[in-house]
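Undergrad: Quick one: structure below, then a few questions.
There are 2 protein chains.
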Amino acid sequence: MSLTVVGSIAFDAVKTPFGEREKMLGGAAVHFSLAASFFTEVRPVGPVGDDFGAEQLGVLEARGVQTGDIERVPGGQSFFWRGRYEYDLNVAHTEETRLGVFGDFEPKLSTEAQAADTLFLANIQPELQRRVSAQCKVARFSALDSMNLWIDTARDSLLAAIAEVDCLLVNDAEIRQLTGESNLARAARAVMGYGPRAVVAKQGEYGGALFTADRFFALPGFPLENVRDPTGAGDSFAGGFLGYLDSHDGELDEGSLRRAMGYGTVLASFNVEEFGTERVARLTREEIDARFAALHEMTQFEPLPVR
Amino acid sequence: MSLTVVGSIAFDAVKTPFGEREKMLGGAAVHFSLAASFFTEVRPVGPVGDDFGAEQLGVLEARGVQTGDIERVPGGQSFFWRGRYEYDLNVAHTEETRLGVFGDFEPKLSTEAQAADTLFLANIQPELQRRVSAQCKVARFSALDSMNLWIDTARDSLLAAIAEVDCLLVNDAEIRQLTGESNLARAARAVMGYGPRAVVAKQGEYGGALFTADRFFALPGFPLENVRDPTGAGDSFAGGFLGYLDSHDGELDEGSLRRAMGYGTVLASFNVEEFGTERVARLTREEIDARFAALHEMTQFEPLPVR
Chain A
0 MSLTVVGSIA FDAVKTPFGE REKMLGGAAV HFSLAASFFT EVRPVGPVGD DFGAEQLGVL
60 EARGVQTGDI ERVPGGQSFF WRGRYEYDLN VAHTEETRLG VFGDFEPKLS TEAQAADTLF
120 LANIQPELQR RVSAQCKVAR FSALDSMNLW IDTARDSLLA AIAEVDCLLV NDAEIRQLTG
180 ESNLARAARA VMGYGPRAVV AKQGEYGGAL FTADRFFALP GFPLENVRDP TGAGDSFAGG
240 FLGYLDSHDG ELDEGSLRRA MGYGTVLASF NVEEFGTERV ARLTREEIDA RFAALHEMTQ
300 FEPLPVR
Chain B
0 MSLTVVGSIA FDAVKTPFGE REKMLGGAAV HFSLAASFFT EVRPVGPVGD DFGAEQLGVL
60 EARGVQTGDI ERVPGGQSFF WRGRYEYDLN VAHTEETRLG VFGDFEPKLS TEAQAADTLF
120 LANIQPELQR RVSAQCKVAR FSALDSMNLW IDTARDSLLA AIAEVDCLLV NDAEIRQLTG
180 ESNLARAARA VMGYGPRAVV AKQGEYGGAL FTADRFFALP GFPLENVRDP TGAGDSFAGG
240 FLGYLDSHDG ELDEGSLRRA MGYGTVLASF NVEEFGTERV ARLTREEIDA RFAALHEMTQ
300 FEPLPVR
């Protein structure tokens, strides 16, 4: 079992009503990798600049993340994102994005990264996603994230990238925008018409929903009294979701996809408790299992007959 | 077992992207009563005008609703609401509200209505809610709905009304507004500090959440490919929720509250499939039970250990 992810490896500057950080480790592939590291061997693919040093690599390596496919570009600067959140933590306000070394990124996967059993194409330019996808020919399960920018500016490439994966995993508003269908159930069905056999709709604090050919499943967000920074929550969700699936020996059936939704929900909930990677970097498997059990308890009810 | 509800008994004019109705039966107490009628004897309390005739009463009576506390005001006009929805069906745009006979309403409950085991104070002026509450002294469970208007204009009365009920059942944005707390888990805890032992947060298409002293439960909205008119969905939710609780012989513990959330979700889902009361008026108990079972299936997962 092994999991390859391509996506940003970055520095973030984030301000929320509960604090701020001027420069912290971030990026989709970083949040994803830390979350998935509790389940399997994970290998992030992506470029960093000279500013990305031993301290940042150390956070990943302390969790057993394989960093051999992180490409150091001499003289370059790492991807940088600056954003803020108001009291409605569901809405990120982007203030600055600097692509840095990501602007000229040409993915060349190592033999190990190409041999991955599971593949996650985090939110980057769809043509880059396709070039990575083309190098991972043996993955038994692949998923893709994207955003409104690519729906607007690279729709054809994005549809081609989606057609090649097993699962689209995006925010519910993006599923609606992509398909032009305001009803989410219809929109998810339209996405399955493009190719994927599963659609995961991320819904922020409301949790997430899973659509497959003839089934539906949903989980609420884990209720937290202290949420400090939602940055990376969606990628941590994807890391828990795909990390569990990669670790799962049996068939990737409805039951395992539902459990994967549970692990995604749990990892996302830890992510938002503190800034950036701070909470997940010192998380333990015991804490994950305890919260998974609590989430299970919070969603069960007995369908006893009335009278 | 018996259930009293006070709230609007009205005519609605509604336009959505899927059709429109110029004058149809509506009002919180009507939607609530039809939904609750599948579980128990329900008695709506409220005034109507001369325009409210045998046809409207017939819809209620066909479902066994007890109409003796619907007060006909000679020369008066029934409550009227005109609204529209855009593609985002979560947001109602009110275009006109005419209080009509509700402007001078002074509730005088019959002996039967006063003897109710369960009480629902639908969204009306908090002082009216309190006057009804004062007449229902034996109810074992009571719940209250409200809206932003009363939080803004009658906050003290509303807090007094909330202190007298077992359950606050409102939209999640209203829980935040009422408490001044943006985090929903904290906001719900603050509400329990006012008196209620349970808080139900209605979340539109995302479903609903139940907060009690030390427990949390949530259900997604039932996924529907055809939603035509959300008017009354929250009241149908309340009708299913309280109707089930009223019919329940045992203690109103966490298990029964969770099942009640399930019936609320199911009744709300039928409500939105067609305009106004059209769908619920011809619903059957068999359809409710089948959808309840489907909802149960959609929310369960097996917490098998990962290796």
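Chains as they are written, first to last, in numbering that gives the first Met the number 0: chain A, 0 to 306; chain B, 0 to 306. For every residue, glycine included, the Cβ atom is placed at its ideal position computed from N, Cα and C.
Measuring CA to CA, which of Gly220(A), Ala232(A) and Arg196(A) is closest to Glu163(A)?
TA: Residue numbering aside, residue 163(A) sits at position 164 when the first sequence is read from its first letter. Nearest of Gly220(A), Ala232(A) and Arg196(A) to Glu163(A), Cα basis: Arg196(A).
Undergrad: Quick one: which unbroken beta strand (DSSP E) runs of 3-plus residues sit fully inside the stretch 0-37 of chain A? Chain order, please.
TA: Counting only runs of 3 or more, we get 2-5, 9-15 and 18-25.
Undergrad: Rounded C-beta distance between Val271(A) and Pro229(A)? I'm assuming under 8 Å.
TA: Taking the first residue of the first sequence as 1, we reach residue 271(A) at position 272. Taking the first residue of the first sequence as 1, we reach residue 229(A) at position 230. Indeed, because the Cβ distance is near 5 Å, the residues count as touching under 8 Å.
Undergrad: For Leu244(B), which residues in chain A fall below 9 Å Cβ to Cβ?
TA: Numbered from its first residue, the second sequence carries residue 244(B) at position 245. The contacting residues do not exist; Leu244(B) stays about 10 Å from chain A at best.
Undergrad: Apart from the five residues on each side of it in sequence, which residues of its chain come closer than 7 Å, Cβ to Cβ, to Phe101(B)?
TA: Indexing the second sequence from 1 puts residue 101(B) at position 102. The residues are Ser7, Pro46 and Phe78.
Undergrad: Here's a check: name, in chain order, each residue in its chain whose Cβ is nearer than 6 Å to the Cβ of Ser255(A), leaving out the five neighbours to either side.
TA: Within the first sequence, the letter at position 256 stands for residue 255(A). Excluding positions up to five away in sequence, the list reads His247.
Undergrad: Relative to the C-alpha of His295(B), which candidate in Phe216(A), Met260(A), Ala237(A) and Phe291(A) has its C-alpha closest?
TA: Position 296 of the second sequence holds residue 295(B). It is Phe216(A) whose Cα lies nearest to the Cα of His295(B).
Undergrad: Starting from Asn170(B), follow its DSSP beta bridges and name the residues at the other end.
TA: Reading the second sequence from its first residue, position 171 is the one you call residue 170(B). In DSSP, Asn170(B) forms a bridge with Lys201(B).
Undergrad: Out of Arg227(B), Asp245(B) and Glu277(B), which has the shortest C-alpha to C-alpha gap to Met0(B)?
TA: Along the second sequence, read from residue 1 onward, the residue named residue 0(B) stands at position 1. The option with the nearest alpha carbon to Met0(B) is Asp245(B).
Undergrad: Using a Cβ-Cβ cut-off of 8 Å (strictly less than) and excluding sequence neighbours within five positions of Gln76(B), which residues of its own chain qualify?
TA: Taking the first residue of the second sequence as 1, we reach residue 76(B) at position 77. Once the five neighbours on either side are set aside, the close Cβ partners of Gln76(B) are Gly48, Asp49, Asp50, Arg97, Gly99 and Val100.
Undergrad: Identify, in the order they occur along the chain, each residue of the same chain with its Cβ nearer than 7 Å to the Cβ of Asn225(B), setting aside the five sequence neighbours on each side.
TA: In the second sequence, the residue the question calls residue 225(B) occupies position 226. Within the same chain, Asn225(B) has close Cβ partners Glu272.
Undergrad: For the structure I just gave you, are there three or more beta carbon pairs, one from the stretch 165-175 of chain A and one from the stretch 187-195 of chain A, closer than 8 Å?
TA: Result yes; three or more Cβ-Cβ pairs closer than 8 Å.
Undergrad: Taking only beta-carbon atoms, is Tyr84(A) less than 7 Å away from chain B?
TA: Counted from its first residue, the first sequence places residue 84(A) at position 85. Output row for Tyr84(A): interface = no.
Undergrad: Tell me, please, whether the CB atom of Val305(A) is closer than 7 Å to any CB atom in chain B?
TA: Here residue 305(A) is taken as the residue at index 306 of the first sequence, counted from 1. In this prediction, Val305(A) scores a pLDDT of 47, lower than 50, which makes its location untrustworthy; no coordinate-derived value is stated.
Undergrad: For Val5(A) and Arg129(A), what's the separation of their Cα atoms in angstroms?
TA: Within the first sequence, residue 5(A) is the residue found at index 6, counting from 1. Within the first sequence, residue 129(A) is the residue found at index 130, counting from 1. The alpha-carbon atoms of Val5(A) and Arg129(A) are separated by roughly 11 Å.
Undergrad: Short of 7 Å in beta carbon distance, which residues of its chain neighbour Gln113(B), apart from the five on each side in sequence? Order them along the chain.
TA: For the purposes of this step, residue 113(B) is taken as residue 114 along the second sequence, with counting starting at 1. Cβ within range, chain order: Gln134 and Cys135.
Undergrad: Checking the sheet assignment: what are the DSSP bridge partners for Leu209(A)?
TA: Here the question's residue 209(A) lines up with position 210 in the first sequence. According to DSSP, Leu209(A) bridges with Val199(A) and Phe216(A).
Undergrad: What would DSSP say about Ala293(A), mapped onto helix, strand or coil?
TA: Numbered from its first residue, the first sequence carries residue 293(A) at position 294. Helix, per DSSP.
Undergrad: Sort out for me which residues DSSP pairs Ser141(A) with in a bridge.
TA: Start at 1 with the first residue of the first sequence, and residue 141(A) comes out as number 142. According to DSSP, which records beta bridges pairwise, Ser141(A) is partnered with Leu118(A).
Undergrad: Near Tyr262(B), which residues of its chain fall below 8 Å by C-beta distance, leaving aside the five closest residues on each side in sequence?
TA: The residue given as residue 262(B) occupies position 263 in the second sequence. If we look at Tyr262(B) and ignore the five residues flanking it on each side, its Cβ neighbours are Phe38, Gly239, Phe240, Gly242, Tyr243, Ile287 and Phe291.
Undergrad: So, Arg139(B) versus Asp155(B), is the Cβ gap smaller than 7 Å?
TA: The residue given as residue 139(B) occupies position 140 in the second sequence. The residue given as residue 155(B) occupies position 156 in the second sequence. In this structure, Asp155(B) does not lie closer than 7 Å to Arg139(B) by Cβ.
Undergrad: Output, in chain order, the set of chain B residues within a Cβ distance shorter than 8 Å of His295(A).
TA: As a working mapping, residue 295(A) is identified with position 296 in the first sequence. Here the neighbours are Phe300 and Pro302.
Undergrad: Using 7 Å as the threshold, is the C-beta distance between Val29(A) and Asp68(A) below it?
TA: Start at 1 with the first residue of the first sequence, and residue 29(A) comes out as number 30. Start at 1 with the first residue of the first sequence, and residue 68(A) comes out as number 69. No, they are not a contact pair.
Undergrad: Taking Cβ positions only, does Glu250(A) come closer than 7 Å to chain B?
TA: Within the first sequence, the letter at position 251 stands for residue 250(A). No, because no Cβ of chain B sits closer than 7 Å to the Cβ of Glu250(A).
Undergrad: Please report the distance separating the alpha-carbon of Phe104(B) from that of Gly18(B).
TA: Along the second sequence, read from residue 1 onward, the residue named residue 104(B) stands at position 105. Along the second sequence, read from residue 1 onward, the residue named residue 18(B) stands at position 19. Roughly 33 Å between the two C-alpha positions.
Undergrad: What residue range does the beta strand (DSSP E) around Tyr86(B) cover?
TA: For this step, residue 86(B) is matched to residue 87 along the second sequence. Premise fails: Tyr86(B) is in no beta strand (DSSP E) and is neither H nor E.
Undergrad: Run down chain B in chain order and give the residues with a C-beta less than 8 Å from the C-beta of Val226(A).
TA: As a first step, residue 226(A) must be located in the first sequence, where it is residue number 227. Near Val226(A) (Cβ distances below 8 Å), the residues of chain B are Asn182.
Undergrad: Alpha carbon to alpha carbon, how far is Val13(B) from Arg175(A)?
TA: By one-based count along the second sequence, residue 13(B) stands at place 14. By one-based count along the first sequence, residue 175(A) stands at place 176. Between Val13(B) and Arg175(A), the C-alpha separation is close to 24 Å.
Undergrad: Could you tell me the distance, in whole angstroms, from the CA atom of Ala35(B) to the CA atom of Ser32(A)?
TA: As a first step, residue 35(B) must be located in the second sequence, where it is residue number 36. As a first step, residue 32(A) must be located in the first sequence, where it is residue number 33. Going from the Cα of Ala35(B) to the Cα of Ser32(A) covers about 49 Å.
Undergrad: I'd like the list of long-range same chain contacts for Glu94(B), defined as Cβ closer than 7 Å, with 5 residues on each side in sequence excluded.
TA: Here residue 94(B) refers to the residue found at position 95 of the second sequence. Taken in chain order, the residues that qualify are Arg81, Gly82 and Arg83.
Undergrad: Quick check: what's the CA-CA separation for Phe269(B) versus Met260(B)?
TA: The count along the second sequence starts at 1 and reaches residue 269(B) at position 270. The count along the second sequence starts at 1 and reaches residue 260(B) at position 261. About 15 Å.
Undergrad: Quick check: is the beta carbon of Phe240(B) nearer than 7 Å to any beta carbon in chain A?
TA: By 1-based counting over the second sequence, the position of residue 240(B) is 241. Chain A contact via Cβ: absent.
Undergrad: Among Leu183(B), Ala142(B), Gly231(B) and Val64(B), which residue has its Cα nearest to the Cα of Pro219(A)?
TA: For the purposes of this step, residue 219(A) is taken as the residue at position 220 of the first sequence. Comparing Cα positions, the closest option is Leu183(B).
Undergrad: Roughly how far, in whole angstroms, is the beta-carbon of Ala237(A) from the beta-carbon of Phe119(A), given that I think they are within contact range, below 8 Å?
TA: By 1-based counting over the first sequence, the position of residue 237(A) is 238. By 1-based counting over the first sequence, the position of residue 119(A) is 120. Indeed they touch by this definition, with Cβ atoms about 6 Å apart.
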